[in-house]
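Enquirer: One structure, pasted below without further comment.
Protein chains: 2
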Amino acid sequence: MRATKNSKKRDAVKAFIMETHSHPTADEIYSHVKCEFPNVSLGTVYRNLARLEETGEIKKLSFTTGPDHYDGDTSDHYHYICRSCGRIYDMPAEVKDVIMKAAKAGAPGTVESHDLVFYGVCRDCLKSTGNNA
Amino acid sequence: MRATKNSKKRDAVKAFIMETHSHPTADEIYSHVKCEFPNVSLGTVYRNLARLEETGEIKKLSFTTGPDHYDGDTSDHYHYICRSCGRIYDMPAEVKDVIMKAAKAGAPGTVESHDLVFYGVCRDCLKSTGNNA
DNA sequence: ACAATAATAGTAATGATTATTGTTTTTAAA
DNA sequence: TTTAAAAACAATAATCATTACTATTATTGT
């Protein structure tokens, strides 16, 4: 494996992902790291995110629309996206076994993994708007 | 609603999606329609795909990577992507109720829908390569 | 201190898609 | 069967997120 040298910017990227629960995008991470390192470049953020994902320290969340998000919580869980505010919430993974079992019965080959994302309107938005738009 | 005029190119786009089971991309549809209409433009394909999706005649399939695909089968089903050949297969939707029920119990708001995609290696690829890469 | 090389900033390139603009069809009615 | 309004169109530019490139800077072991 490729040698690794210390990097204060990579540390800053990782520290932010670990401390937040906001599932930030590369751009949001970039903005945050820029406070501490005003000359950091977006490419550096992307490169370090890719690296941290390779080593399993973080997880990349890709959805069907919009930019990728990053998660410092690498434990097994799904996500829920509020279609009003766009916030990403964690969801328990308890149906995972049922899904995988059913999938294996109906699949045209091996089933190695699956992506599952839920959509709805979160309680915060339901409360503040009083409707479902 | 906006008026609709006949369009041979839209007909050709729709006919191809309806007759194939390959879940083609916009570009693949473009290539196909180009045989019959050599001067068709990619923009026309995209515009007509968007239109056909709006009217519910076809479905757009967005995945976490790669271009969107289009499906003439609008019935309720999931998809399976072979990570070796990239082909997209249909999967039964029988676990849908279980997933929605479990989701509603653990969600931070209403649950309106979910996206679920399976990944593995299809039997065709398992057979022809003899391994799982 | 000094090379070897990883990490970086800045910028260019990419791929899929959407937007724009001026021209061509389609359509219904004169 | 012209005509005029609007849809559909081809060609092209613009967009967004991301990756690739290149020359410079920082980190590390000796």
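Residue numbers (the numbering used here), protein chains in the order written: chain A, 1280 to 1412; chain B, 1280 to 1412.
Ideal Cβ placement from N, Cα and C applies to all residues, glycine included.
Please read all numbers here as calculations on a predicted model, not as lab measurements.
Which chain A residues are close to LEU1328 of chain B, counting only those with a beta carbon under 9 angstroms from its beta carbon?
Expert: For the purposes of this step, residue 1328 of chain B is identified with residue 49 of the second sequence, where counting begins at 1. The contacting residues do not exist; LEU1328 of chain B stays about 16 angstroms from chain A at best.
Enquirer: Whose Cβ in chain B lies nearer than 7 angstroms to the Cβ of MET1297 of chain A?
Expert: Your numbering for residue 1297 of chain A matches position 18 in the first sequence. Residues of chain B passing the Cβ test: none, with the nearest at roughly 22 angstroms.
Enquirer: In the DSSP output, which residue or residues are listed as bridge partners for LEU1395 of chain B?
Expert: For this step, residue 1395 of chain B is matched to residue 116 along the second sequence. DSSP lists A:LEU1395 as partners of LEU1395 of chain B.
Enquirer: Using DSSP's beta-bridge definition, name the partner residues of ILE1360 of chain B.
Expert: Translated into the one-based positions of the second sequence, residue 1360 of chain B becomes position 81. Looking at the DSSP assignment, ILE1360 of chain B forms a beta bridge with B:ILE1367, B:TYR1398.
Enquirer: Identify the continuous beta strand (DSSP E) that holds ASP1376 of chain B and give its terminal residues.
Expert: Residue mapping note: residue 1376 of chain B aligns to position 97 of the second sequence, counting from 1. Counting along the chain, ASP1376 of chain B falls outside any beta strand (DSSP E), though it belongs to the alpha helix (DSSP H) covering 1375-1385.
Enquirer: Using the C-alpha atoms, what's the distance from ASP1352 of chain A back to CYS1314 of chain B?
Expert: The count along the second sequence starts at 1 and reaches residue 1314 of chain B at position 35. The count along the first sequence starts at 1 and reaches residue 1352 of chain A at position 73. Approximately 50 angstroms between the Cα atoms of the pair.
Enquirer: Just verifying my parser: in three-state terms, what is the DSSP assignment at LYS1406 of chain A?
Expert: Counting from one through the first sequence, the residue named residue 1406 of chain A turns up at place 127. LYS1406 of chain A falls in the helix class under three-state DSSP.
Enquirer: What does the alpha-carbon distance come out to for the pair HIS1393 of chain B and ASP1369 of chain A?
Expert: The count along the second sequence starts at 1 and reaches residue 1393 of chain B at position 114. The count along the first sequence starts at 1 and reaches residue 1369 of chain A at position 90. Between HIS1393 of chain B and ASP1369 of chain A, the C-alpha separation is close to 14 angstroms.
Enquirer: Whole angstroms are fine: how far does the CA of VAL1312 of chain A sit from the CA of HIS1356 of chain A?
Expert: Within the first sequence, residue 1356 of chain A is the residue found at index 77, counting from 1. Within the first sequence, residue 1312 of chain A is the residue found at index 33, counting from 1. Spanning the two alpha carbons is a distance of roughly 27 angstroms.
Enquirer: Measure the alpha-carbon distance for ARG1362 of chain A versus LYS1406 of chain B and round it to whole angstroms.
Expert: Start at 1 with the first residue of the first sequence, and residue 1362 of chain A comes out as number 83. Start at 1 with the first residue of the second sequence, and residue 1406 of chain B comes out as number 127. Their Cα atoms are separated by approximately 42 angstroms.
Enquirer: Pull up the distance between the alpha-carbon of ASP1347 of chain A and that of VAL1396 of chain A, whole angstroms please.
Expert: Reading the first sequence from its first residue, position 68 is the one you call residue 1347 of chain A. Reading the first sequence from its first residue, position 117 is the one you call residue 1396 of chain A. Those two C-alpha atoms are separated by around 14 angstroms.
Enquirer: Ignoring anything shorter than 3 residues, give me the beta strand (DSSP E) runs that lie fully in the segment 1326-1354 of chain B, in order along the chain.
Expert: DSSP runs (the beta strand (DSSP E)) wholly in the segment 1326-1354 of chain B: 1338-1340, 1348-1350.
Enquirer: Determine the burial state of HIS1302 of chain B: buried for a count of at least 16 other Cβ atoms within 10 Å of its Cβ, exposed for fewer.
Expert: Numbered from 1 along the second sequence, position 23 holds the residue referred to as residue 1302 of chain B. When all chains shown are included, HIS1302 of chain B counts as buried.
Enquirer: Going by the C-beta, is GLY1399 of chain A closer than 8 angstroms to any heavy atom of the ligand SAH?
Expert: For the structure depicted, the ligand SAH is absent and the ligand set is empty, with no information on it obtainable.
Enquirer: Could you tell me whether any Cβ in chain B is nearer than 9 angstroms to the Cβ of SER1301 of chain A?
Expert: Taking the first residue of the first sequence as position 1, residue 1301 of chain A is located at position 22. Not closer than 9 angstroms to any Cβ of chain B, the Cβ of SER1301 of chain A fails to qualify, so no.
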